[in-house]
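Start counting the sequence shown at 41; every next residue gets the next number (our numbering).
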Amino acid sequence: MSSKIKPAKILLVSASVGAGHTQAARAVQTAIESQELAAAQVIDFMAGENSYLNTLVKEAYLKLIDNFPDMYDLLYRFSQMPLPGSKVQSLMAMAMKRSMLKLINIHRPDAIICTHPFPCGAAAYLKHTRRINTPLIGVITDFAIHRLWCYKETDLYFVATPELKQELVMHGIDQAHVYATGIPIGPKFSHIPATAEQRAARYALGFSNNHPIILLMGGGLGMGDLEQAVLAIDALHLPLNLVVVAGRNASLRRSLSAKAHALAHPVKVLGYTRHVPELMAAADLLITKPGALTISEALSMQLPLLLYQAIPGQEEENAAYLTRKGAALWAQNTYSLSNTVYELLTQPERLGYMREMATLLGRPAAAQTIASTISQELFRTGATMSGGRFF
41 MSSKIKPAKI LLVSASVGAG HTQAARAVQT AIESQELAAA QVIDFMAGEN
91 SYLNTLVKEA YLKLIDNFPD MYDLLYRFSQ MPLPGSKVQS LMAMAMKRSM
141 LKLINIHRPD AIICTHPFPC GAAAYLKHTR RINTPLIGVI TDFAIHRLWC
191 YKETDLYFVA TPELKQELVM HGIDQAHVYA TGIPIGPKFS HIPATAEQRA
241 ARYALGFSNN HPIILLMGGG LGMGDLEQAV LAIDALHLPL NLVVVAGRNA
291 SLRRSLSAKA HALAHPVKVL GYTRHVPELM AAADLLITKP GALTISEALS
341 MQLPLLLYQA IPGQEEENAA YLTRKGAALW AQNTYSLSNT VYELLTQPER
391 LGYMREMATL LGRPAAAQTI ASTISQELFR TGATMSGGRF F
């Protein structure tokens with residue numbers, strides 16, 4: 041057997057349509073570099089300096105979700121259908137191939153890891169047309185598989201669950217190339233806080249009482265009707281504390297901060313923060329949009345979830361999966377939200393059961409497992425997959 045040669049550079053290609061894809065890419069980057077496997081760089085495929093077309097697609101995507109969610113849901117379902125879906129898949133890959141080729145020519149990576157289907161499709165098209173033979177790896181950052189992820193030219197896939205592995209196999213992907221590792225998250229979420237650490241986290245938030253802490257998050261962009269959710273929960277005649285993370289939604293943060301003094305319960309309003317692990321450590325319940333990265337972080341922190349304001353498509357599928365598994369409940373409106381919060385806080389055994397289910401589902405070491413698996417696959421002597429050699 042020949043000696044192992046470490047790849048010089050791995051390019052992680054994300055897409056800034058929400059924070060989750062980039063967070064996953066950075067988690068894998070950290071794991072790769074901590075294991076000293078290679079130099080790893082994260083690139084935003086949708087950034088303006090990479091492609092004006094990609095930036096337009098991103099803006100259209102976000103506006104569609106925000107203003108016309110039912111239309112987005114229709115397009116999502118349509119693109120999942122076998123014949124129309126394959127055409128959409130091909131068109132997207134062809135339209136974005138030039139952006140991907142530009143990135144590859146600039147960075148000359150030894151391997152490409154994609155945490156979003158758009159760059160994965162573009163790279164797969166380049167492999168299919170023999171423009172490149174760079175090893176291509178897909179890290180799927182949802183609890184559902186969309187057809188836009190499925191390309192036989194992708195050498196390795198990493199998915200959240202064993203069920204998703206089987207779903208990829210049904211789409212024609214070789215099961216030997218699919219690993220059910222969980223969704224990669226940052227290392228700070230792999231540490232389950234002890235009771236003393238939880239008390240310290242609560243005290244740091246300014247809560248001197250022992251009332252339950254409800255953490256509300258709207259994702260990195262602060263999307264979702266968090267203000268109505270806060271008002272509905274504040275109307276409950278129960279002892280509780282509220283922590284609201286508005287993300288980068290400055291108007292939401294200003295509005296909630298202005299109302300905070302008039303609320304019946306203590307509330308802490310935050311903008312974008314890097315202290316989410318500490319906030320999750322302090323909390324007894326997380327109310328959030330069902331973005332897969334936030335869900336995965338909460339599961340690893342053994343934090344029960346109440347899902348709210350799901351984006352049609354993948355987030356609804358994320359919510360359905362977590363509720364089936366018992367780690368989350370799904371509120372469809374503010375009335376259901378407040379009722380569910382009341383039931384959970386007055387029936388602590390239900391919260392305890394959800395915490396147990398979260399513990400079973402959590403995969404805190406997913407990023408490290410992905411990094412080590414990639415290393416093993418890349419270093420296999422004489423390995424050939426999809427027509428492209430691994431070093």
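Ideal placement from N, C-alpha and C gives every residue a C-beta, glycine not left out. In this text the structure is predicted, and so the values were computed from the model without any measurement.
(message) Please state the DSSP three-state secondary structure of asparagine 379.
(response) Locating residue 379 in the sequence shown gives position 339, counting from the first residue. Three-state result, asparagine 379: helix.
(message) Under DSSP, the beta strand (DSSP E) around glycine 178 begins and ends at which residues?
(response) Position 138 of the sequence shown holds residue 178. That run of the beta strand (DSSP E) goes 176-179.
(message) I believe tyrosine 348 touches lysine 329 by the beta-carbon criterion, under 8 angstroms. Please report the beta-carbon distance rounded to the nearest angstrom.
(response) Mapped onto the sequence shown, residue 348 falls at position 308. Mapped onto the sequence shown, residue 329 falls at position 289. With 8 angstroms as the limit, tyrosine 348 and lysine 329 qualify as a contact, their Cβ atoms being about 7 angstroms apart.
(message) At the level of alpha carbons, what is the spacing between leucine 162 and valine 209?
(response) The residue given as residue 162 occupies position 122 in the sequence shown. The residue given as residue 209 occupies position 169 in the sequence shown. This sequence places alanine at residue 162; leucine is not what is there. Approximately 21 angstroms between the Cα atoms of the pair.
(message) In the DSSP assignment, the alpha helix (DSSP H) including threonine 334 goes from what residue to what residue?
(response) Numbered from its first residue, the sequence shown carries residue 334 at position 294. Here the alpha helix (DSSP H) through threonine 334 covers 332-340.
(request) Return yes when the Cβ of valine 68 is within less than 8 angstroms of the Cβ of proline 224, no when it is not. (result) Looking up residue 224 in the sequence shown gives position 184. Looking up residue 68 in the sequence shown gives position 28. Closer than 8 angstroms, so yes.
(message) For the alpha helix (DSSP H) containing glutamine 81, name the first residue and the last one.
(response) Mapped onto the sequence shown, residue 81 falls at position 41. Where glutamine 81 is concerned, there is no enclosing alpha helix (DSSP H), although the beta strand (DSSP E) it sits in stretches over 79-84.
(request) Write down the C-beta distance between alanine 64 and threonine 169 rounded to the nearest angstrom, noting that I regard them as a contact closer than 8 angstroms. (result) Taking the first residue of the sequence shown as 1, we reach residue 64 at position 24. Taking the first residue of the sequence shown as 1, we reach residue 169 at position 129. Not really, about 28 angstroms apart at Cβ, beyond 8 angstroms.
(request) Using only alpha-carbon positions, find the residue among Leu339, Leu346 and Val53 that is nearest to isoleucine 153. (result) For this step, residue 153 is matched to residue 113 along the sequence shown. Of Leu339, Leu346 and Val53, the residue nearest in Cα terms is Val53.
(message) Just to confirm the assignment, what range does the alpha helix (DSSP H) spanning serine 248 have?
(response) Here residue 248 refers to the residue found at position 208 when the sequence shown is read from its first residue. No alpha helix (DSSP H) contains serine 248, which DSSP labels as neither H nor E.
(request) Flag this pair as yes or no: are the beta carbons of leucine 255 and methionine 320 separated by less than 8 angstroms? (result) By one-based count along the sequence shown, residue 255 stands at place 215. By one-based count along the sequence shown, residue 320 stands at place 280. Contact flag set, yes.
(message) Taking a contact to mean a Cβ-Cβ separation below 8 angstroms, would you say isoleucine 177 touches isoleucine 351 in this structure?
(response) As a position in the sequence shown, residue 177 is number 137, starting the count at 1. As a position in the sequence shown, residue 351 is number 311, starting the count at 1. Result no, Cβ atoms of isoleucine 177 and isoleucine 351 do not sit closer than 8 angstroms.
(request) Have a look at the DSSP bridge pairing and note the partners of cysteine 154. (result) For the purposes of this step, residue 154 is taken as the residue at position 114 of the sequence shown. Its beta-bridge partners are Val53 and Gly178.
(request) Please work out which residues of its chain come closer than 6 angstroms, Cβ to Cβ, to phenylalanine 198, disregarding the five sequence neighbours upstream and downstream, and give them in chain order. (result) Counting from 1 along the sequence shown, the entry for residue 198 is found at position 158. Val179, Tyr219, Thr221 and Ile410.
(message) With H, G and I counted as helix, E and B as strand and the rest as coil, what does DSSP make of alanine 368?
(response) Here residue 368 refers to the residue found at position 328 when the sequence shown is read from its first residue. The answer is strand: DSSP assigns alanine 368 an E or B state.
(message) Going by DSSP in three states, alanine 255 sits in which element: helix, strand or coil?
(response) Working through the sequence shown from its first residue, we reach residue 255 at position 215. Strictly speaking, residue 255 in this sequence is leucine, with alanine absent from that position. Strand at leucine 255.
(request) Please state whether DSSP places phenylalanine 229 in a helix, a strand or coil. (result) Residue 229 sits at position 189 when you count from the first residue of the sequence shown. Helix at phenylalanine 229.
(message) For threonine 328, list the residues DSSP reports as bridge partners.
(response) In the sequence shown, counting from the first residue as 1, residue 328 sits at position 288. Looking at the DSSP assignment, threonine 328 forms a beta bridge with Met257 and Leu347.
(message) On a Cα-Cα basis, can you pick out the residue from Glu193, Pro175, Leu196 and Pro157 that is closest to isoleucine 185?
(response) Position 145 of the sequence shown, counted from the start, is the residue given in the question as residue 185. Looking at the Cα atoms, Pro157 is the closest of the given residues.
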